[in-house]
Amino acid sequence: LPCPLQYPPMKLIKDTFDKYAGKEGDKDTLTKKEVVALLQTEFPEADVSRKATNQAAMDKFFNNLDNDRDGVVSFEEFVTFVAALSSLHG
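Counting from 1, position 84 in the sequence shown corresponds to residue 84 in the UniProt record's numbering; the numbering is continuous, with no gaps.
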């Protein structure tokens, strides 16, 4: 069986994550600044993207993404966000 990351939707999600991860630090995680850049570029019409310019709202959003509270967003945490966003916007 092929790796699940090879299926087109998962590959797109992984490629998007990789495009932003590591610009500031670890290539396997997203920092808050990288999350803001990703949201504003990849999801410009989403409500969350508009909130990215508000520091308090962005801090709250980032903390919700960062489930393990390690200060960065892992690929698994990012996938959870994408799944939640997909279910909201069907």
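Even for Gly, the Cβ is constructed at its ideal location relative to N, Cα and C.
Do you know how far the Cα of residue j is from the Cα of residue i?
i, j, result
"T53", "K33", "11 Å"
"E24", "K14", "18 Å"
"R69", "K27", "18 Å"
"S87", "K11", "19 Å"
Output yes or no for whether 9 Å exceeds the beta carbon distance between residue i and residue j.
i, j, result
"D66", "E77", "yes"
"T16", "L38", "yes"
Kindly indicate the opening and closing residues of the alpha helix (DSSP H) around residue i.
i, result
"K19", "P8 to Y20"
"P67", "Before going further, note that residue 67 is Asn rather than Pro in the sequence given. That residue, N67, is in no alpha helix (DSSP H); it is neither H nor E in DSSP."
"E24", "From DSSP, E24 is part of no alpha helix (DSSP H); its letter is neither H nor E."
"V72", "Run containing V72: none; DSSP gives neither H nor E here."
"E34", "K32 to E42"
Please name the residue, chosen from the options, that lies closest to residue i on a Cα-to-Cα basis.
i, options, result
"V73", "S87, F62 and Q40", "F62"
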